[in-house]
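So for the sequence shown, this note's numbering puts the first residue at 168; every next one is plus one. Even for Gly, the Cβ is constructed at its ideal location relative to N, Cα and C. None of these values were measured; they are calculated from a predicted model. What follows is one structure encoded as structure tokens, with my remarks underneath.
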Amino acid sequence: MIERVSPDNLSELLPLIRQYQEFYQVQNISDGRNLTFFSQLGSGSPLGCQFLYRHHGKPVAFATVYFTYVSSITSKVAVLNDLYTCEAHRGKGFARQLIECAGEYAKSQGAARLQWLTAQDNIAAQNLYDKLQARKSAWYLYCLD
């Protein structure tokens, strides 16, 4: 079952966020910073939202959607910035359902598209994405710290 994250269930999501950050080997993970940061995405936030997937009542996966704007198409777009499923629950279709939910949410908020990135070595995720009706971008991602 998928539900939107709100102040009422954010505390249940935070352990999954920590697992996600550990998966990507984030240094200096802070539960306090996570609480402050992800509290911004509550119900009705113009920044975006989060979705929590429960399996038998237990939180096992989540997705985070942010909004931005793209000048080349002069449109608002949704960015699926986080998608994570607990290791024990991978391969059960939860991530696909979260992506579909995020896509529906993006459309409902007037976004022209849902877009996302993945790590080059995350082959399992790429295998899922290749099965979706999504196209790979020809763009490269650059980061300036």
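Counting only residues of its own chain and dropping the five nearest sequence neighbours on each side, Q293 has a CB closer than 8 Å to the CB of T285. In this structure, the beta-carbon distance from L265 to A291 does not fall below 8 Å. Taking a contact to require three or more Cβ pairs closer than 8 Å, the segment 236-246 and the segment 196-205 do not qualify as touching. Burial check for Q217: the Cβ neighbour count within 10 Å reaches 16 or more, so the residue is buried. Secondary structure note for R221: it is in no alpha helix (DSSP H), and the uninterrupted beta strand (DSSP E) holding it is G215 to H222. Close CB contacts of L308 within its chain, under the 7 Å cut and outside five residues either way in sequence, are with L284 (chain order).
By the neighbour-count definition (other C-beta atoms within 10 Å, threshold 16), V193 is an exposed residue. Our two residues, A301 and A255, have alpha carbons roughly 26 Å apart in a direct line. Beta-bridge pairing by DSSP links L247 to V232 and W283. Taking the C-beta atoms as reference points, Q282 is found no nearer than 8 Å to V232.
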